[in-house]
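Residue numbers (our numbering): 24 to 864. Glycine included, each C-beta is placed from N, C-alpha and C at the ideal position. Just so you know, these numbers come straight off a predicted model, no measurement behind them. Written out below as structure tokens is the structure these notes cover.
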DNA sequence: CTAGGGTTAG
């Protein structure tokens with residue numbers, strides 16, 4: 024017997040609810056048995072919401088559960104109204120109860136639903152729809168096996184599932200990592216017996232793409248195309264575009280480019296949005312050169328659409344993000360010369376580039392030109408310029424521009440005002456005038472405005488003023504704008520003060536403040552404080568951004584303090600925080616670098632134990648020690664080697680004088696279709712030189728050029744090191760290859776060896792003048808050269824210079840033995856060994 | 001919030 028309490032029925036407009044309220048059935052006082060329930064449900068045939076609500080009431084009652092027939096009745100009602108989502112939702116509830124909780128099995132329920140319909144056609148539809156909903160429900164509660172099994176059952180019974188169900192099932196297989204299952208599924212979908220119509224496949228591909236399975240979509244495209252199942256060109260084109268864009272969204276850029284290539288081969292023109300997706304994908308990945316190379320390739324192929332302003336602004340952004348502002352501007356000029364129309368987005372990037380180069384006037388000039396070309400500047404264009412003027416200390420121009428906005432009937436918005444107010448403050452100009460102006464114009468300053476002004480004041484060094492403003496605001500909002508103060512100190516490079524201000528606080532700040540301070544501390548190598556910051560965040564109950572843990576450990580590793588890194592790792596363990604792949608890899612790399620091989624191995628085992636799968640990068644780091652063992656392990660783990668990995672392994676074998684294995688590895692790499700790149704060739708060239716086979720080395724150098732592998736500065740360093748007679752100067756200049764510290768050091772070393780110390784010193788000077796910072800090794804080279812040849816005074820001067828810069832030469836075997844001291848003394852002054860020792864160390 | 005890998009100099 025059911026005792027049904029009042030129906031809380033609110034959101035229906037259907038007449039049954041009124042009937043109910045008016046007392047045709049007074050459920051309050053009615054005690055219903057199963058037959059009663061079914062009878063009531065029968066009357067609710069036209070009101071699925073009411074039926075659902077009624078069922079819920081019975082479920083909630085708890086005295087006795089609804090019967091299988093009651094569920095079946097409700098399901099039939101909901102189904103007949105095509106409320107597929109409601110149906111799935113209902114099933115989710117049913118599944119979650121479990122067999123015991125509900126007193127019948129799901130199969131019982133399905134049978135009960137199906138049996139009630141006598142009409143064969145209707146029964147078929149009903150069963151199809153219900154099973155589809157159930158599959159989706161299983162997938163939603165992550166009971167993938169059940170979802171998949173049921174689906175195959177449906178297929179066997181020839182019931183028809185909708186597209187959504189197909190998508191859900193692939194997703195289930197995909198998430199289980201069952202690639203065979205996916206394959207079988209797709210095969211089945213394409214087989215002639217179960218072939219679907221074109222619209223189905225289109226919807227299916229789209230469903231895959233929006234559910235982050237574009238790769239599956241891609242795999243499906245070829246057979247669909249070959250079997251001509253997407254009817255016409257336009258269907259295929261649409262499907263291809265969706266797949267490429269989907270792959271870009273999922274950051275699978277290689278696959279996206281490959282799919283793009285396929286579609287072009289089929290003679291389908293990708294549209295601008297497709298190109299744009301690829302380029303933006305690369306840009307988001309910070310692969311700027313890939314983005315630009317892609318554009319160049321397409322331009323070379325004379326692809327249409329690539330000159331659209333949307334693409335152009337991406338290109339410009341790439342240059343700017345690489346810090347190459349002049350190149351961005353060159354690009355703008357090139358576009359304009361080609362009469363390519365730019366839009367206000369492109370211009371905006373150009374303004375930004377000019378400003379970053381300090382060329383504010385030209386930015387404003389370009390802005391005028393843009394206006395003359397009929398492009399109406401928007402508020403973002405103005406914001407860029409106004410912010411830029413402030414950034415370069417040109418406050419009057421910033422104010423002029425905001426006035427111009429007003430006079431042109433483009434009222435500045437809160438963002439522009441904020442940028443201006445903050446900008447004025449950081450230039451020690453009066454920002455309060457702007458706050459007043461804002462009030463007058465009816466734009467109310469917000470806490471962002473105040474924070475920006477406070478931050479600006481701190482940057483300008485007006486600490487007291489900033490504190491006073493903060494105080495006055497604190498009355499309204501406790502804690503006020505310390506965020507601005509801390510960020511201001513960070514920006515001003517006054518990290519100690521930033522840290523002091525932060526550590527006193529007993530309330531949390533917005534996360535971006537922590538992040539700014541944390542990043543600044545790490546960059547300044549004040550890692551102890553960075554760690555304290557993380558610990559303070561924990562104390563305040565603020566969850567640090569996940570990447571902060573890895574960054575902190577990375578920072579410890581960079582200064583070679585493995586002990587502190589390990590200690591922090593233990594703290595993380597105590598908090599049950601599992602370090603990620605990056606963190607483990609950087610730790611292992613550092614241990615290998617410091618020759619703590621046991622520790623490296625322990626970390627490697629620990630990561631595997633804790634469920635972090637090593638990838639090819641991890642194996643590359645480890646391969647430097649025992650390539651043989653690592654290679655086996657890697658292959659057992661199913662990790663595929665790449666060029667980086669092979670280069671390391673080959674080089675390691677050569678270093679260990681194991682030519683046989685080195686050659687075997689080269690062969691394996693070639694067989695695997697992995698093409699050697701500059702680094703691989705350079706390593707090989709170096710190895711041959713070391714084996715005293717200069718001819719083979721040089722042959723390889725020519726081979727790499729023939730194969731269009733462009734040598735880089737490292738390659739030339741190797742050549743110079745082993746064969747100083749070769750004059751590669753011109754070749755390097757033609758290729759635009761700049762010398763770096765390594766290259767200069769080799770030059771210096773060579774000159775020292777031949778006794779041309781003055782020439783060596785000149786080169787050292789030239790290096791500094793060309794903006795290449797000498798490091799410990801280069802200082803040691805020049806100092807040793809001076810000493811060996813008797814230029815003691817120069818040696819001392821250089822030594823002092825090095826120490827003043829806080830540079831220390833890294834330890835080497837040679838430094839331990841102080842080989843230099845054994846060389847003969849000088850002609851200029853007689854110096855004792857101790858003095859030389861003093862001078863050097 | 002852009003964190004991890006290969007080749008070179010002592």
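*Can you grab the Cα-Cα spacing for the pair residue 213 / residue 281, in whole Å?*
When rounded, the distance between both Cα atoms is 23 angstroms.
*Just checking, does the segment 84–97 make contact with the segment 141–150 on the three C-beta pairs under 8 angstroms criterion?*
As far as the Cβ criterion goes, the segment 84–97 does not touch the segment 141–150, which means the pair count is below three.
*Of all the options 647, 531, 370, which has the alpha carbon lying nearest to the alpha carbon of residue 677?*
Measuring C-alpha to C-alpha distances from residue 677 to each of 647, 531, 370 identifies 647 as the nearest.
*Going straight from the alpha carbon of residue 824 to that of residue 744, what length do you get?*
Computed Cα separation, rounded: 26 angstroms.
*Alpha carbon to alpha carbon, how far is residue 866 from residue 124?*
Since the first residue of the chain shown is 24 and the last is 864, residue 866 is not available in this structure.
*Exposed or buried, residue 686, counting other C-beta atoms within 10 Å across all chains shown (16 or more means buried)?*
Per the 10 Å Cβ criterion, exposed.
*Please name the residue, chosen from 209, 246, 567, 147, that lies closest to residue 180 on a Cα-to-Cα basis.*
Considering only alpha carbons, the answer is 147.
*From the DSSP output, in three-state form, read off residue 868 for me.*
This structure cannot speak to residue 868, because the chain is shown only from 24 to 864.
*Closest by C-alpha distance to residue 579, when choosing among 540, 544, 72*: Taking residue 579 as reference, the option from 540, 544, 72 with the minimal CA-CA separation is 544.
*Residue ranges of each alpha helix (DSSP H) run of no fewer than 4 residues wholly in the segment 518–602, ordered along the chain?*
Those alpha helix (DSSP H) runs which fall completely within the segment 518–602 and span 4+ residues are 518–526, 534–546, 550–562, 569–581, 585–597.
*asked:* Is it the case that the segment 619–634 contacts the segment 661–674, given that we only count it when at least three CB pairs across the two stretches are under 8 angstroms?
replied: The segment 661–674 vs the segment 619–634: no contact.
*Please go through the segment 742–777 and give each complete alpha helix (DSSP H) segment of 4 or more residues, from N-terminal end onward.*
Secondary structure in the segment 742–777: the alpha helix (DSSP H) runs of 4 residues or longer, each lying completely within the stretch, are 752–757, 764–776 in chain order.
*What are the complete alpha helix (DSSP H) segments, minimum 4 residues, inside the segment 233–264?*
The DSSP assignment places 237–249 as complete runs of the alpha helix (DSSP H) inside the segment 233–264, in order along the chain (cut-off: 4 residues).
*With a CB to CB cut of under 7 angstroms and the five nearest residues on each side skipped, what residues in its chain are close to residue 606?*
Hits under 7 angstroms: 572, 573, 576.
_Every unbroken alpha helix (DSSP H) inside the segment 358–398 [4 residues or more]_ = The segment 358–398 contains these whole alpha helix (DSSP H) runs: 367–379, 383–395.
*Measure from the alpha carbon of residue 376 to the alpha carbon of each residue in 689, 126, 412, then state which is nearest.*
Nearest to residue 376 by alpha-carbon distance, out of 689, 126, 412, is 412.
*Note down the Cα distance separating residue 100 from residue 71, rounded to an integer number of angstroms.*
Cα-Cα distance, rounded: 6 angstroms.
*asked:* So, for residue 837: in the same chain, excluding its five sequence neighbours on each side, which residues have a beta-carbon less than 6 angstroms away from its beta-carbon?
replied: With a pLDDT of 49 at residue 837, under the threshold of 50, the predicted position of this residue should be treated as unreliable, and no value is reported.
*Should residue 620 be listed as close to the ligand SAM, given that the test is whether its C-beta is under 7 angstroms from any heavy atom?*
The ligand SAM is not part of this structure, which contains no ligands at all.
*Does the pairing of the segment 717–729 with the segment 758–768 give three or more beta-carbon distances under 8 angstroms?*
Taking 8 angstroms as the limit for Cβ pairs, the verdict is that the segment 758–768 does not touch the segment 717–729.
_If the criterion is Cβ atoms closer than 8 angstroms, does the pair residue 378 and residue 420 meet it?_
Not closer than 8 angstroms, so no.
*Length of the line joining the Cα atoms of residue 164 and residue 360*: Here the alpha carbons of residue 360 and residue 164 stand approximately 59 angstroms from one another.
_Output needed for residue 508: all residues of its chain with C-beta closer than 7 angstroms, excluding positions within five of it in sequence on either side, in chain order._
Around residue 508: 477, 481, 489, 493, 524.
*asked:* I need the boundaries of the alpha helix (DSSP H) containing residue 144, first residue and last residue.
replied: Unbroken alpha helix (DSSP H) run through residue 144: 143–163.
*For residue 672, collect the residues of the same chain with a Cβ closer than 6 angstroms to its Cβ; drop the 5 residues on either side in sequence, then sort them by chain order.*
Within the same chain, residue 672 has close Cβ partners 646, 650, 688.
*Do you know offhand how far residue 783's Cα is from residue 692's?*
About 41 angstroms.
*Return the first residue and the last residue of the alpha helix (DSSP H) that residue 455 is part of.*
Where residue 455 is concerned, the enclosing alpha helix (DSSP H) stretches over 455–463.
*Can you tell me whether DSSP reads residue 25 as helix, strand or coil?*
Because the pLDDT at residue 25 is just 37, under 50, the model does not fix this residue reliably, and the value given afterwards should be weighed accordingly. It is a strand residue.
_4-residue-minimum alpha helix (DSSP H) runs that sit fully inside the segment 624–656, ordered along the chain_ = Correct list: 639–646.
*Is the segment 316–334 close to the segment 291–299, with three or more CB pairs under 8 angstroms?*
As far as the Cβ criterion goes, the segment 316–334 touches the segment 291–299, which means the pair count is three or higher.
*Exposure label - residue 173; buried when at least 16 CB within 10 Å*: Counting C-beta atoms within 10 angstroms of its own C-beta, residue 173 has 16 or more neighbours from the protein chains shown and is therefore classed as buried.
*Give every residue of the same chain whose Cβ lies closer than 7 angstroms to the Cβ of residue 45, excluding the five residues on either side of it in the sequence, and list them in chain order.*
Confidence at residue 45 is low in this model, with a pLDDT of 39, below 50, so the placement of that residue should be treated as unreliable; the coordinate-derived value is given next. Same-chain partners within the cutoff: there are none.
*Relative to the alpha-carbon of residue 785, which residue among 800, 817, 754, 798 has its alpha-carbon at the smallest distance?*
For the set 800, 817, 754, 798, the Cα lying nearest the Cα of residue 785 is the one of 817.
*In terms of alpha-carbon separation, which member of 695, 644, 372 lies closest to residue 675?*
Nearest option by C-alpha distance: 644.
*asked:* Rounding to the nearest angstrom, what Cα-Cα distance links residue 337 and residue 371 in this structure?
replied: Rounded to the nearest angstrom, the two C-alpha atoms are 12 angstroms apart.
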